[in-house]
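Just below is one structure, and these are the notes that go with it.
Number of protein chains: 2
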Amino acid sequence: MLIVKIGGGAAINVAGVVDDLAALSEQTVLVHGANAARDRLACALSRPTRVVTSASGYTSVFSDDDAIDLLMMAYAGLRNKRIVELCQARGVNAVGLSGLDGRAVQGRRNSGIRVRDGGKTLLLRDNSGKPTGVNVPLLRLLLDNGYVPVLTVPIADEDGRAVNSENDDIVAALARALGCGRVVQLIEAPGLLADPADPKSVVPRVRPDELAGWEERSEGRFKRKVAGLRKLCADGGPEVVIADGRGPHPLADALAARGTVIA
Amino acid sequence: MLIVKIGGGAAINVAGVVDDLAALSEQTVLVHGANAARDRLACALSRPTRVVTSASGYTSVFSDDDAIDLLMMAYAGLRNKRIVELCQARGVNAVGLSGLDGRAVQGRRNSGIRVRDGGKTLLLRDNSGKPTGVNVPLLRLLLDNGYVPVLTVPIADEDGRAVNSENDDIVAALARALGCGRVVQLIEAPGLLADPADPKSVVPRVRPDELAGWEERSEGRFKRKVAGLRKLCADGGPEVVIADGRGPHPLADALAARGTVIA
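Order-wise, the sequence lines are chains A and B.
Per our numbering, the very first residue in the first sequence carries number 1; after that it's consecutive.
Per our numbering, the very first residue in the second sequence carries number 1001; after that it's consecutive.
Okay, here's the thing in structure tokens:
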């Protein structure tokens, strides 16, 4: 089976992804982001997305209750249902789910984000968490009956409350739980780049044991992304293809190994 | 089995409904509105909800593409996921679905709304439609595996595109398709009122054949609501209880026939 993660950037050609998906016979789970939709909505509502950098150098979105409302609107609402609509219009029988639905993705609430504030370290508490498990029977029920689950945040914490989570961590939890052999990640770049400024510098193959070095050299959101990749590929994880989501056939190209293959 | 329709008003005690639901053993489908959340969002985004009155005197929301975006955010996003969260936090294994998901609710796009404009009749086309069928196997799959489907708009048109639809029509389609014997509708009033200005004037019992008279005497949104009730109760439809959604135990009270029983 196949997991396809669709990045949340505005330039991702979701219709092209769905066209490619309609031509596949493999069981597939879609996971999607919606950061462009979220940021646009946050801006229109004058509730700008707050990003914090932890003491250890990882950035993440600070998720207060308002931010969870936004997440529900932009991720589980607008983007999820527009993707499901594109699927349904092309004969792909999609069912959109957040991690809350049937506790599709169960998580553990974070104790807090350690941030530096002047000379002090503060613990910021928010509604964020890490996936700890997946409702495999629910996903199998859907997959075995011909449905394509389309998953996004929020996920459920221990008490069933909504928490934000990194989509890359969700993909890792899904891949492990479903025994998935192949993961495609569609982003707004042609793959992992040796030189971030040069889109021609795609590295065609990366070994999982090289990811620690990539993580060390990275900054900001990308550092978090590589950390997620490292978790995903650890201990005989799936083959991962990171490919350009902006072309006319993003998924077909990725499955033809155009991009960066991590194996 | 039981269908519970939760109105979209801000005063509905959803937590109380879910508490009551947690104590039931009957298979249940929730259907919910979100007009308060939608109107609040529309206002914050300066995209006021446009309501049109048809030449025959029925009002409805005019659903352009922007309005469908709002619907996805407020209904399928914010309100649906907050209800699912409340359910999950109280041990009710809810799965939120729009009518698009797995084409849970299949519809037919309206040809247009006939409106009077000065002396002329215009045909306004928008993204709205009427339910024509329900994906019974999907709902049964969820119900028989212990899940509580939580349904809302949009629904799917013939081509799988999102269209808005009256929740009352969706409830009628569900009740028919699932062979449901009892429908509870929770609203921001104690039931059907003999005098709309007097909340003490609840009519405890109404026969289905009396609804045509109620429809004739009604105006605005309420006229549409009674039309939906008439459809729901036609041809040996379910027993319907219309009850107050604002109390501490809205569902338990409704099941104890506090409100208006149409049978």
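Heads up, the beta-carbon is just placed ideally off N, CA and C, and yes, glycines get one too.
Everything numeric in this text was worked out from a predicted model, so none of it was measured.
Do the stretch 79-94 of chain A and the stretch 1-14 of chain A touch if we need at least three Cβ pairs shorter than 8 Å? Contact holds between the stretch 79-94 of chain A and the stretch 1-14 of chain A, because three or more Cβ pairs, one in each stretch, are under 8 Å apart.
If Ile113/A sits next to Ser165/A, beta carbons under 8 Å apart, how far is it from one beta carbon to the other, in whole angstroms? By one-based count along the first sequence, residue 113/A stands at place 113. By one-based count along the first sequence, residue 165/A stands at place 165. At roughly 13 Å, the Cβ-Cβ gap does not stay under 8 Å, so Ile113/A and Ser165/A are not in contact.
Members of the stretch 1053-1070 of chain B near chain A, C-beta cut-off 8 Å: Listed in sequence order: Asp1069.
Excluding the 5 residues flanking Glu215/A on each side, which residues of the same chain have their C-beta closer than 7 Å to its C-beta? In the first sequence, counting from the first residue as 1, residue 215/A sits at position 215. So the qualifying residues of the chain are Lys223, Val226, Ala227, Arg230.
Whose C-beta lies closer than 6 Å to the C-beta of Ser1128/B among residues of the same chain, with five residues either side of it excluded? One-based indexing of the second sequence puts residue 1128/B at position 128. For Ser1128/B, where only same-chain residues beyond five positions count, the Cβ hits under 6 Å are Ser1063, Asn1110, Val1163, Asn1164.
Residues of the stretch 1231-1242 of chain B whose Cβ lies closer than 7 Å to any Cβ of chain A, in chain order: none
Is the beta carbon of Glu85/A less than 8 Å from the beta carbon of Gly1237/B? Numbered from its first residue, the first sequence carries residue 85/A at position 85. Numbered from its first residue, the second sequence carries residue 1237/B at position 237. Result no, Cβ atoms of Glu85/A and Gly1237/B do not sit closer than 8 Å.
Count the CB pairs spanning the stretch 233-249 of chain A and the stretch 178-198 of chain A that are closer than 8 Å, and state whether there are at least three. yes
May I have a chain-ordered list of the alpha helix (DSSP H) segments no shorter than 4 residues that lie completely inside the stretch 1121-1146 of chain B? Counting whole runs of 4 or more residues, the stretch 1121-1146 of chain B contains the alpha helix (DSSP H) stretches 1136-1144.
Ala252/A versus Met73/A: straight-line alpha-carbon distance, rounded: Here residue 252/A is taken as the residue at index 252 of the first sequence, counted from 1. Here residue 73/A is taken as the residue at index 73 of the first sequence, counted from 1. Using only the alpha carbons, I get a separation of about 30 Å.
Quick check: what's the CA-CA separation for Ser1201/B versus Ala1194/B? Working through the second sequence from its first residue, we reach residue 1201/B at position 201. Working through the second sequence from its first residue, we reach residue 1194/B at position 194. If you take the alpha carbons of Ser1201/B and Ala1194/B, they lie about 5 Å apart.
Rounded separation between Gly1033/B and Ser1218/B - CA only: The count along the second sequence starts at 1 and reaches residue 1033/B at position 33. The count along the second sequence starts at 1 and reaches residue 1218/B at position 218. Approximately 21 Å between the Cα atoms of the pair.
Assuming contact is defined by CB atoms lying nearer than 8 Å, are Ile187/A and Val105/A in contact in what I supplied? Locating residue 187/A in the first sequence gives position 187, counting from the first residue. Locating residue 105/A in the first sequence gives position 105, counting from the first residue. For Ile187/A and Val105/A, no; Cβs fall outside 8 Å.
Are the CB atoms of Gly102/A and Asn1093/B within a distance shorter than 8 Å? In the second sequence, counting from the first residue as 1, residue 1093/B sits at position 93. In the first sequence, counting from the first residue as 1, residue 102/A sits at position 102. Yes, these two residues count as a Cβ contact at 8 Å.
Closer than 7 Å by beta-carbon distance: list the chain B residues that pair up with Asp159/A, in chain order. Counted from its first residue, the first sequence places residue 159/A at position 159. Near Asp159/A (Cβ distances below 7 Å), the residues of chain B are Ala1089.
Counting only runs that start and end within the stretch 180-262 of chain A, where is the beta strand (DSSP E) found for 3 or more residues in a row? 182-187, 239-244, 260-262
For Arg1090/B, I'd like the list of residues in its chain whose CB is within less than 6 Å of its CB, leaving aside the five on either flank, ordered along the chain. Here residue 1090/B corresponds to residue number 90 of the second sequence, with the count starting at 1. Excluding residues within five positions, the ones whose Cβ falls inside 6 Å are Val1018, Ala1022.
Skipping 5 residues on each side, what residues in its chain have a beta carbon closer than 7 Å to that of Arg1125/B? By one-based count along the second sequence, residue 1125/B stands at place 125. Answer for Arg1125/B: Gly1112, listed in chain order.
Apart from the five residues just before and just after Leu1020/B, which ones in its own chain have a Cβ nearer than 6 Å to its Cβ? Walking along the second sequence from the start, residue 1020/B turns up at place 20. The sequence as given places Asp at residue 1020/B; Leu does not occur at that position. His1249, Leu1251, Ala1252.
Measure the CB-CB distance between Leu1045/B and Leu45/A and report whether it falls below 8 Å. By 1-based counting over the second sequence, the position of residue 1045/B is 45. By 1-based counting over the first sequence, the position of residue 45/A is 45. Yes, they are a contact pair.
Does DSSP put Gln1088/B in a helix, in a strand, or in coil? For the purposes of this step, residue 1088/B is taken as the residue at position 88 of the second sequence. Of the three classes helix, strand and coil, the one that applies to Gln1088/B here is helix, per DSSP.
Quick one: which residues of the stretch 99-114 of chain A get their C-beta closer than 7 Å to a C-beta of chain B? List them in chain order. Leu100, Asp101, Gly102, Arg103
Just mark Pro1199/B as buried or exposed, buried being the case when its beta carbon has 16 or more other beta carbons within 10 Å. Taking the second sequence and counting its residues from 1, one reaches residue 1199/B at position 199. So Pro1199/B counts as exposed.
To the nearest angstrom, how far is it from the Cα of Arg246/A to the Cα of Arg258/A? Translated into positions along the first sequence, residue 246/A becomes position 246. Translated into positions along the first sequence, residue 258/A becomes position 258. Between Arg246/A and Arg258/A, the C-alpha separation is close to 13 Å.
Under the assumption that Thr1152/B contacts Val1031/B (Cβ atoms under 8 Å), give the Cβ distance between them as a whole number of angstroms. As a position in the second sequence, residue 1152/B is number 152, starting the count at 1. As a position in the second sequence, residue 1031/B is number 31, starting the count at 1. Going by Cβ atoms, the distance from Thr1152/B to Val1031/B rounds to 7 Å, so yes, they are a contact pair.
CB of Gly1096/B within 8 Å of CB of Val1150/B, strictly: Translated into positions along the second sequence, residue 1096/B becomes position 96. Translated into positions along the second sequence, residue 1150/B becomes position 150. For Gly1096/B and Val1150/B, yes; Cβs fall inside 8 Å.
Should Val1136/B and Leu1100/B be called a contact, given that it needs their Cβ atoms to be closer than 8 Å? For the purposes of this step, residue 1136/B is identified with residue 136 of the second sequence, where counting begins at 1. For the purposes of this step, residue 1100/B is identified with residue 100 of the second sequence, where counting begins at 1. Against a cut-off of 8 Å, the Cβ pair of Leu1100/B and Val1136/B comes out as no contact.
For a cutoff of 8 Å on Cβ pairs, would you count Arg1082/B as touching chain A? Sequence index remark: in the second sequence, residue 1082/B carries index 82 (1-based). Yes, contact with chain A.
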